[in-house]
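Chains as they are written, first to last, in the working numbering: chain A, 22 to 364; chain B, 22 to 364; chain C, 22 to 364; chain D, 22 to 364.
The next block holds one structure in the form of structure tokens; read it before the comments.
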């Protein structure tokens, strides 16, 4: 059975497993105070072009979002996000559990429009009654978005300008950051992205690691962020587990190389669907491809390949997601092409 | 340099690494819905003698405590614990962050005394003013305790009886459960412990795993516990990372065998200190040994071995902790014996 | 200057002040355990036709909403409300502060449509991914709504049926309940409303009292609700302040009589606007009237009367709110009619 | 039946009722933006000698404590208080509900000892492990304390110095502030107290008002404190209810005069007990008197007077509290003297 369900369906890149194995019996201090964690941080800051920044490692994405966002917000503040933002719908209320509202503005193929963000913030402060409303306290975007789309450098620059004009930190959810940066459609580099935002995370779980996300504060972390991480249950005793993995990922550009490979696979996958005549729901330049299938087509393909049903598309069709990852191989795409009926 | 700082200073038992490696490229569904997680759960429930129970895997201990406790408590309830309980002092306020007070009663070498628990609860309900106070909503104990001590079966039975008489669930923090159960001083089995409590966790991080704790509800979990886990940021996308590890730990009694080995090392370590004339702070039957050293002694030993300073003991001395684990070897203890001056 | 800004611009009905004064020096027990509070509860339960129910008094509306909603919800649950519901926008994130998401569905002139509620809940449970989403845990509606509109008995019956079919409690925010029930457009009685919901509150602040809302649980309150109230800072030491006021409000139908008077004033006010040719934004049958004014008209009227600007209505006009209350007099409306230019 | 149960057993001082009545039909803007609230604030700031400060009015004490404390604390911080502090035991977990731990140090007749506070903070920062513990974020004391005792100016100065040396704000709970300041045992004035702390509140509920506490920030409030108040459900729509009351209390020194009267009554009450041979539990200089009674004595006195049982005192005796207030009259004390048996 072919597997295109998601981008976290396999274990870890072999280089990561090897690094874990070779360091396994070393006696290391806990909670991220080991040398592998230290050098992973250094490599990440170098790659992000912000040597004076701070890095923390956290096990998973929802935990990262909740911990980062609540570290920035005062209790009367909320996070501004797209209605399709991960924090707005698929984190079981983690942000609200920490006491904060997610303030949503419309999503357009997963993206917020800078002018709409600016209008929202301007209207907020124009409204004399805003003392009875949740204050915007941070701007959250995903790169790539939950629909696989990418902001342009111009859009990111504009969102950064707007957020900072309102004294709001800009947070970029990079659960799939590598798949964004390595897309040919991306016109921004990691140092450029880093310069524009206050905090972002480099997703490991979906890009080669067993688990783990690297939270980067290019311009420095909020005070006592480590305690904040601990309080949110997000501090691993064996911090090495995350440090060693990211040390491997940021050695010899592994993170970027495996991301680039995944994008090659994604483009090949997209071409297969186009060649066979299937319409795309969104023309995604990253590792998630959204295709429209009729129920009958979906049923047929499901005999050979696993994928995810995203949402209904009229009464007889549906949007489905085919995801590839660092672990997808040429042969997987070829096999899909072989079984995919021509429309 | 010899290492006795803690029990999470190495990676994972080799059988775990091997199992991760051999399953690495299998395509598995996420969030714990893979077959390795399923069989790990089954093995754990069998070992705990509660085949009808529920098991969930969570990355770390603080997160586990916070997620489990808040799943049981109504907002006006708190968790009753020893003043030395982990949740009361070393979790950076994680329980309070979820809105609940930790109600403390005195600790005696890390343990609560059943009669004191009963008196506390009786006084609470006798006090007519209790509507203005936090309700006790759950009883939390650690096995072994934070001081390496163990409750007897009689004490556990009594605490269970008292908790249930007041309709409170009993939760056992088993961060080092194996090191408790495998101690010759333990007079209780896992199924017996399981029968007495409503929820406990089997610590993996300190007993052979890279990370992970198995939360066991012998009589069934609270409704929608998985969503609760997700909301608390405690649900790993690659649930396999935890499932595969616990599958290895509960195959061929590995968890118990490596725990028993650690206890052998601990007893040998204790004997070394006693033979050389050092006083124990507590006569611990488990993997953590608390010894009293003068400042001069500590300084001398620190040239050769790492350990943890626990607390001052008068103006010139201190309590120190020497911890062993599944990874400690005979040679480590012998080397310590060789460098430890006779008093 | 005429005053139509809101319905909380004056003190209390004179009968309330008199009752406060005549009981002022009596020595009474605190926290609502005095006889005036007891008899106020009894009178309210009689008026609501649910003698076996429970009543609690809380100072204000936001506090009431937050305390009631969080008493019902488990931590992974949220409250389903209209996008225009008070809890969704004008309570500064009070619901989120207590850890819960407000799940919004569209508002139609302030009302939710039963079929849309049902579709929302059905879709929620149809979606296999709902374990990663906030569970609907309670249905919140306002009667009258924030736009002064009313649900019909049929609509309320249907919403009640749907909520209960999904095992969700139905909560009715009655900040202006009297103004709803006494409207000629209302086809439901208080006992009928009471029978349909699990909890509602009878607003005092906007209907004759200095402060205070009466929370009614027709079928009984959640366990330890008083402690819940205390924990939320909502329990007044001098509970008599609320008990005495509601005792007066529910003696000789005062609450209903002053509400009916307000509705007479509102209908007279509406007629004034219609007679002068002003378009209504919403044809409200209750005490809040929403009128469309051009900027020039608003400026002119503002020389003589205070009102509230609600929202822009195209580039040159705006929706304004004229509110009347128990304290509005015939002469106020006549005076407005005198200064209001004919369009 | 004589009434000494508490200091909130009557309504309001007549001057307050009169002021409410005379302003009752004035049309005033809501949420504290009326002129009476404005002038009450001005009068309070003048009395406190901090004309540049900020004042907010909140209905009750628990709500005030929770709202003020959470406005200052970051999520990883807690409030340092005596073990007998009101926030530590009798607020049903309100502080924890807002996510913060109450960090307790020993109480001595209700007071913290400055040297113990300093030692606690010093030890905290000396402990290398403090990143895993809740940070002290604010120092909370009560004046007078929950046991009716008073800090000296020297003690307050010292506590202020220590708190500020650790960059912690000092918060004084003044639920009974008047009864402290007007005690002959007090050696501090309101402006002196005000200068030493960052925030305090002037209790109205127990000193003449129907409800209400005035929160004073002598050196300015935290940003957006009004929204914080709203979010905590603590913002009354009819803010006038609090403004008018405090306007009356701070006109012609009413607050201080009625406090002084209460202290006269308290000293007279104390003398009655001493004259009749009853031992005091604490020699309180304020309005709460704690006396030791045998069970038989308590039973006898209870036939004529109501008082509060505080706590057991050995097997056959108990500590009881006799509270007086602004509403207590000479005749009340005389009547008690008449029925109190000589020991």
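We put the beta carbon where it would ideally sit given N, CA and C, even for glycine.
Determine the chain B residues that contact residue i at a beta-carbon separation under 7 Å, and present them in chain order.
i: residue 117 (chain D); result: 117, 120, 121 and 122
Can you list the residues of chain A that residue i reaches, using a CB-CB cut of under 7 Å?
i: residue 97 (chain C); result: 113 and 114
i: residue 229 (chain B); result: In chain order: nothing, as chain A lies at least about 11 Å away.
i: residue 226 (chain B); result: 258 and 259
Run through the DSSP bridge pairs and tell me what residue i is partnered with.
i: residue 286 (chain D); result: According to DSSP, residue 286 (chain D) bridges with nothing at all.
i: residue 44 (chain A); result: Its beta-bridge partners do not exist; DSSP assigns none.
i: residue 192 (chain C); result: C:161 and C:220
i: residue 310 (chain B); result: B:343
i: residue 301 (chain D); result: D:312
i: residue 87 (chain D); result: Partner(s): none; residue 87 (chain D) has no beta bridge.
i: residue 23 (chain D); result: D:326
Exposed or buried, what is residue i when buried is set at 16 or more other beta-carbons lying within 10 Å of its beta-carbon?
i: residue 249 (chain B); result: buried
i: residue 22 (chain C); result: exposed
i: residue 261 (chain D); result: buried
i: residue 167 (chain C); result: buried
i: residue 190 (chain A); result: buried
i: residue 360 (chain A); result: exposed
i: residue 295 (chain C); result: exposed
i: residue 72 (chain C); result: exposed
i: residue 3 (chain B); result: Residue coverage of chain B in this structure runs from 22 to 364, which leaves residue 3 (chain B) outside it and unanswerable.
i: residue 299 (chain D); result: buried
i: residue 114 (chain C); result: buried
i: residue 135 (chain C); result: buried
i: residue 252 (chain D); result: buried
i: residue 54 (chain B); result: exposed
i: residue 157 (chain B); result: buried
Find the residues of chain C that neighbour residue i, judging by a C-beta separation of less than 7 Å, and give them in chain order.
i: residue 21 (chain D); result: This structure cannot speak to residue 21 (chain D), because chain D is shown only from 22 to 364.
Starting from the beta carbon of residue i, find every residue of chain C whose beta carbon is closer than 8 Å, and list them in chain order.
i: residue 71 (chain D); result: Under the 8 Å cutoff, chain C gives no residues; its nearest Cβ is about 26 Å from residue 71 (chain D).
i: residue 110 (chain A); result: 154
Give the interface partners of residue i over in chain D, defined as CB-CB distance under 9 Å, in chain order.
i: residue 51 (chain C); result: 26, 27, 29 and 30
Residue i versus chain D: which residues are under 8 Å apart at the beta carbon?
i: residue 348 (chain C); result: 46
Name, please, each residue of chain D whose Cβ falls closer than 7 Å to the Cβ of residue i.
i: residue 232 (chain C); result: 257, 259 and 262
Query raised in the report: Which residues, in chain order, does the region 119 to 130 of chain C contribute to contact with chain B at a C-beta distance below 9 Å?
Result: 119 and 120
Query raised in the report: What are the residues of the region 138 to 165 of chain A that lie near chain C, defined by any Cβ-Cβ distance shorter than 7 Å?
Result: 153, 154 and 155
Requested in this report: Scan the region 89 to 172 of chain C and note each continuous alpha helix (DSSP H) run of 4 residues or more that stays entirely inside, going in chain order.
Outcome: 107 to 110, 115 to 118 and 135 to 147
Query raised in the report: Of all the residues that make up the region 243 to 268 of chain A, which are near chain D by a beta-carbon distance shorter than 7 Å?
Result: 245, 247, 248, 249, 251 and 252
Query raised in the report: Which ranges would you report for the alpha helix (DSSP H) in the region 316 to 351 of chain A if only whole runs of at least 4 residues count?
Result: 316 to 322
Report task. Run through the region 55 to 84 of chain A for me and flag every whole alpha helix (DSSP H) of 4 or more residues, listed as ranges in chain order. Result -> 56 to 68
Query - Contact residues within the region 81 to 97 of chain A, judged by C-beta distance below 7 Å to chain D - result: 91, 96 and 97
**Report entry** Where the region 33 to 47 of chain C meets chain D: residues whose CB sits under 8 Å from a CB there
**Finding:** 33, 35, 38, 41, 42, 44, 45, 46 and 47
Query raised in the report: Where in the region 230 to 264 of chain C do unbroken runs of the beta strand (DSSP E), each at least 3 residues long, occur, reported from the N-terminal end onward?
Result: 234 to 238
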